[in-house]
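*Asks:* Protein chains in written order, with this note's numbering: chain A, -9 to 412; chain B, -9 to 412.
Once you've had a glance at the structure underneath, I'll fire off some questions.
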């Protein structure tokens, strides 16, 4: 399959983008693009790389607005966990379908997920056409039998994943150090090492996690993980809020990857990832950006997330020059591509054809003194007109195939799960 | 003129809303609405009051993305002020037209403005159909001649304003205590008192303002304003970040109105309005919400502003129950209506017909466990389908009359002002 995007702005210049298979084959002066099976009119549009949501729990779209404005523990134990316990694979399938739809409509072409019922998740991603790294929640509750079961399950899913489209990456998902035993963490480390897999973990999200870790292991979370040789360049550590100077040095030494999740951290008052300190330690290009699940955000709009990230860092550091527009845009594109070992994150020849076209006629993008500033500080997901992922057109003129059915089914499933009428 | 909105959700129930002239005349069971000249299909839509943007500088849409990520003083003196000095009345007219368009498209039907070239501003609002309180920037720079000029100008504009549509409120706009002399502040106080006018002022936005005030007057800003009997229930004080306990008590005692402006305060790292402390002092219903101008936000989307406000307060207070969804929604509707003495801010019989219809099929609003949560934490301005203000349909199906011309002309003016090519 081939696609020609005509007269589209790339880095401020009008260009033709020619896509063959799943790659950007050529970017040429406008009017010089090769003939293609599909032609997309890029006039008054700008091409940017598809955005990367580096941490979410996609199927939690089903719980959007179900419970807010609560203390973390009460929220989890009285609201979120009871509903999750009732979820079936089919529920997760529809929840993820809804999430993929929302991401496509807001210009996200990759997400990194950790959730229950992996197969439902994978089925939805396969159908949606977007790219994802999927991990099954690995929790053993420090119980040997549960640990064995989880290991077995991950071995099985890993084998199954080989039959899925290449745009789905299998990852391991040890939930956190307070829910997974040392033995299981070591198993994850070895299995990841053996099969060259990335590992997705929540790390240092709350002060309680740090205190509990010191009680249990006599060390802080990052120190503990380092002591069992868990940390590596393939570790994707989400949140990373409560870090000592020594822990920041360890993250740098092991080349650990970090995901900043500002809206969720603010909504749950968990604290703030110390962006400036990580940057000073040389970790800037190791950081990506995520939304978390819709129960704690409550949407998957990466445009909004970029703005919130920058404002959060500026406000907390007292420095209005912190995390400027161009840096946060890199967190949401190039840094993430590198983190997930994808040949993408920029619009250039030879890169994966994960391309988003912004509608420059949207009022939020007028005037266009500085496109990156407009993207970060003014736009929202509705400024996206067209989404191409892996060389296929997933949305054009804001229309996505099957949208109505997905919304109807997801609503049905959500109301059944929560015993409500919407 | 009469409008019938059929089968629309009002407070979770399907209703018909009948509008006659500029008032909501009746809300009845669906199917029972009176016949009207215009019929709007409200199926799969929810009616909410038009949102109130309680502090902005509308024409600064022209400077959206022109300068970001800078220290406040450098940003103002090298970027913003030089461009503002070149602005003409016609520039302000087109900038405000663009702002009104953006506000209509994101469900805002009222804004409170302070800017240069009042007549250009008023002309744009008159044409746009939305409601606004407009003040001319009053700055005398502690210069007696300039002060006289400003007083004269305000007297003239006040007289002119009487000929404008009733939906435009004339207000006085003394910029701040560090730009306006005590004599002029007293003149403003007396002129407002004589003509029963509201007064719009920036107050305690930065620490520098507080320090300078102590140096100049030997008192903190709120104390100083109280000492000259400036504070009254008609004072609309914007920002209110750096407040002592005594100042909070004074604000309560004088029943001063307060506007919270979170995105701008975060972006410029100015600090945070102490919401919980103001609430404890009994000022909760005195607080409204604003976006500030597009040079420091960079959009006018009140949906986004509600979310940022709530996240900001939660993150800074460390309390995830702070400023919950229902409270922030009141800041953006009911509290503001009261502040500006408007018979609106809720959907009810006898209220002004300032009505916004949300498209419940937008993916961000699915599922709909809790509409207010979805509005505050998930929606953005693009979820708005229809906007009615003062009994007139300003947008239906996201179409606004004259949109293309406004965007083209505003771009032209913006690029000319900044000597750029866009």
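Virtual Cβ for every residue (Gly too), placed ideally from N, Cα, C.
Predicted, not measured: the structure shown is a model, and the values here were computed from it.
Can you tell me where the alpha helix (DSSP H) with residue 321/A in it begins and where it stops?
*Replies:* Position 331 of the first chain holds residue 321/A. Element bounds for residue 321/A: 315 to 321.
*Asks:* Is the shortest distance between the beta-carbon of residue 302/A and the beta-carbons of chain B less than 8 Å?
*Replies:* Counting from one through the first chain, the residue named residue 302/A turns up at place 312. With 8 Å as the cut-off, residue 302/A counts as an interface residue toward chain B.
*Asks:* Can you list, in chain order, the residues of the segment 347 to 380 of chain A whose Cβ is nearer than 7 Å to any Cβ on chain B?
*Replies:* 351, 353, 354, 356, 357, 358, 359, 360, 363, 364, 367, 368, 370, 372
*Asks:* Just how far apart, CA to CA, sit residue 46/A and residue 355/B?
*Replies:* Here residue 46/A refers to the residue found at position 56 when the first chain is read from its first residue. Here residue 355/B refers to the residue found at position 365 when the second chain is read from its first residue. Computed Cα separation, rounded: 18 Å.
*Asks:* Applying the criterion that 16 or more other CB atoms from any shown protein chain within 10 Å of the CB defines a buried residue, is residue 67/B buried or exposed?
*Replies:* On the second chain, residue 67/B is found 77 positions in, with the first residue counted as 1. Exposed: under 16 other Cβ atoms inside 10 Å.
*Asks:* Report the residue from 328/B, 377/B, 299/B, 82/B whose alpha carbon sits nearest the alpha carbon of residue 315/B.
*Replies:* The sequence position of residue 315/B within the second chain is 325, counting from 1. Here the closest residue by C-alpha is 299/B.
*Asks:* Look at the alpha carbon of residue 324/B and the alpha carbon of residue 348/B, and state the distance between them as a whole number of angstroms.
*Replies:* Against the second chain, residue 324/B aligns to sequence position 334. Against the second chain, residue 348/B aligns to sequence position 358. If you take the alpha carbons of residue 324/B and residue 348/B, they lie about 18 Å apart.
*Asks:* Name the residue from 253/B, 247/B, -3/B whose alpha carbon lies nearest to the alpha carbon of residue 301/A.
*Replies:* Position 311 of the first chain holds residue 301/A. Nearest option by C-alpha distance: 253/B.
*Asks:* Applying a beta-carbon distance threshold of less than 7 Å, which residues of chain B neighbour residue 60/A?
*Replies:* The residue labelled residue 60/A in the question sits at position 70 within the first chain. Under the 7 Å cutoff, chain B gives 310, 311.
*Asks:* If the cut is a Cβ gap below 9 Å, which residues of chain B does residue 77/A touch?
*Replies:* If you number the first chain from 1, residue 77/A lands on position 87. Residues of chain B passing the Cβ test: none, with the nearest at roughly 14 Å.
*Asks:* Please decide whether residue 298/A counts as near chain B, where near means a Cβ-Cβ distance under 8 Å.
*Replies:* Residue mapping note: residue 298/A aligns to position 308 of the first chain, counting from 1. Closer than 8 Å to some Cβ of chain B, the Cβ of residue 298/A qualifies, so yes.
*Asks:* Mapping DSSP to helix, strand and coil, what is residue 104/B?
*Replies:* In the second chain, the residue the question calls residue 104/B occupies position 114. The answer is strand: DSSP assigns residue 104/B an E or B state.
*Asks:* Measure the Cβ-Cβ separation of residue 247/B and residue 329/B and say whether it is below 8 Å.
*Replies:* One-based indexing of the second chain puts residue 247/B at position 257. One-based indexing of the second chain puts residue 329/B at position 339. A contact, by the Cβ cut-off of 8 Å.
*Asks:* Which runs of the beta strand (DSSP E) fall wholly inside the segment 151 to 195 of chain B and span at least 3 residues, in chain order?
*Replies:* 158 to 164, 189 to 193
*Asks:* Could you tell me which chain B residues have their CB closer than 8 Å to the CB of residue 256/A, listed as they occur along the chain?
*Replies:* Working through the first chain from its first residue, we reach residue 256/A at position 266. Within 8 Å Cβ-Cβ: 301, 302, 304, 305.
*Asks:* With DSSP run on the structure shown, which of helix, strand or coil describes residue 325/B?
*Replies:* By one-based count along the second chain, residue 325/B stands at place 335. In the three-state reduction of the DSSP assignment, residue 325/B falls in the helix class, which pools H, G and I.
*Asks:* With a cut-off of 8 Å, does the C-beta of residue 1/B fall near any C-beta of chain A?
*Replies:* On the second chain, residue 1/B is found 11 positions in, with the first residue counted as 1. No, because no Cβ of chain A sits closer than 8 Å to the Cβ of residue 1/B.
*Asks:* Mind checking residue 410/B: buried by the 16 CB within 10 Å criterion, or exposed?
*Replies:* By one-based count along the second chain, residue 410/B stands at place 420. So residue 410/B ends up on the exposed side.
*Asks:* Any beta-carbon of chain A closer than 8 Å to the one on residue 392/B?
*Replies:* Numbered from its first residue, the second chain carries residue 392/B at position 402. Chain A contact via Cβ: absent.
*Asks:* Return helix, strand or coil for residue 116/A, following the three-state DSSP convention.
*Replies:* As a first step, residue 116/A must be located in the first chain, where it is residue number 126. Reduced to three states, the DSSP call for residue 116/A is helix.
*Asks:* Tell whether a beta-carbon distance below 8 Å holds between residue 101/B and residue 48/B.
*Replies:* What you label residue 101/B is simply residue 111 of the second chain in a count that begins at 1. What you label residue 48/B is simply residue 58 of the second chain in a count that begins at 1. Yes, the Cβ-Cβ distance between residue 101/B and residue 48/B is below 8 Å.
*Asks:* Determine the burial state of residue -9/A: buried for a count of at least 16 other Cβ atoms within 10 Å of its Cβ, exposed for fewer.
*Replies:* Start at 1 with the first residue of the first chain, and residue -9/A comes out as number 1. Per the 10 Å Cβ criterion, exposed.
*Asks:* Would you mind reading off the limits of the alpha helix (DSSP H) that contains residue 56/A?
*Replies:* The residue you call residue 56/A lines up with position 66 of the first chain. That residue, residue 56/A, is in no alpha helix (DSSP H); it is neither H nor E in DSSP.
*Asks:* Please list, in chain order, the residues of the segment 35 to 66 of chain A that have any C-beta partner in chain B closer than 7 Å.
*Replies:* 52, 54, 55, 56, 58, 59, 60, 61, 62
*Asks:* What separation, rounded to the nearest whole angstrom, lies between the Cα atoms of residue 419/B and residue 242/B?
*Replies:* In the structure as shown, chain B starts at -9 and stops at 412, and residue 419/B therefore has no counterpart that could be examined.
*Asks:* Name the chain B residues whose beta carbon is nearer than 8 Å to that of residue 406/A?
*Replies:* Walking along the first chain from the start, residue 406/A turns up at place 416. Within 8 Å Cβ-Cβ: nothing; residue 406/A doesn't reach chain B, min ~10 Å.
*Asks:* I'd like to check one pair, residue 249/B with residue 268/B: are the Cβ atoms closer than 8 Å?
*Replies:* The count along the second chain starts at 1 and reaches residue 268/B at position 278. The count along the second chain starts at 1 and reaches residue 249/B at position 259. No, these two residues do not count as a Cβ contact at 8 Å.
*Asks:* Do residue 118/B and residue 291/B have their CB atoms nearer than 8 Å?
*Replies:* Locating residue 118/B in the second chain gives position 128, where the first residue counts as 1. Locating residue 291/B in the second chain gives position 301, where the first residue counts as 1. No.
*Asks:* When you compare the CB of residue 198/B with every CB in chain A, is at least one pair closer than 8 Å?
*Replies:* Your numbering for residue 198/B matches position 208 in the second chain. No, no contact with chain A.
*Asks:* Can you check whether the C-beta of residue 410/A is within less than 8 Å of a C-beta belonging to chain B?
*Replies:* Locating residue 410/A in the first chain gives position 420, counting from the first residue. Closer than 8 Å to some Cβ of chain B, the Cβ of residue 410/A qualifies, so yes.
*Asks:* In three-state terms, what does DSSP make of residue 366/B?
*Replies:* Position 376 of the second chain, counted from the first residue, corresponds to residue 366/B. In the structure shown, residue 366/B sits in a helix (DSSP, three-state: H, G or I).
*Asks:* Return the residues of the segment 267 to 296 of chain B that lie within a Cβ-Cβ distance of less than 8 Å from chain A, sorted by chain order.
*Replies:* 284, 287, 288, 289, 291, 294
*Asks:* Could you give the distance in angstroms between the alpha-carbon of residue 26/B and the alpha-carbon of residue 382/A?
*Replies:* Stepping through the second chain from its first residue, residue 26/B is reached at position 36. Stepping through the first chain from its first residue, residue 382/A is reached at position 392. Approximately 47 Å between the Cα atoms of the pair.
*Asks:* Since residue 231/B sits in a beta bridge, which residues does DSSP pair it with?
*Replies:* The count along the second chain starts at 1 and reaches residue 231/B at position 241. In DSSP, residue 231/B forms no bridge with anything.
*Asks:* For a cutoff of 8 Å on Cβ pairs, would you count residue 401/B as touching chain A?
*Replies:* For the purposes of this step, residue 401/B is identified with residue 411 of the second chain, where counting begins at 1. Cβ-Cβ to chain A under 8 Å: yes for residue 401/B.
*Asks:* State the Cα-Cα distance for the pair residue 271/B and residue 79/B, rounded to the nearest angstrom.
*Replies:* As a working mapping, residue 271/B is identified with position 281 in the second chain. As a working mapping, residue 79/B is identified with position 89 in the second chain. Cα to Cα, residue 271/B sits roughly 42 Å from residue 79/B.
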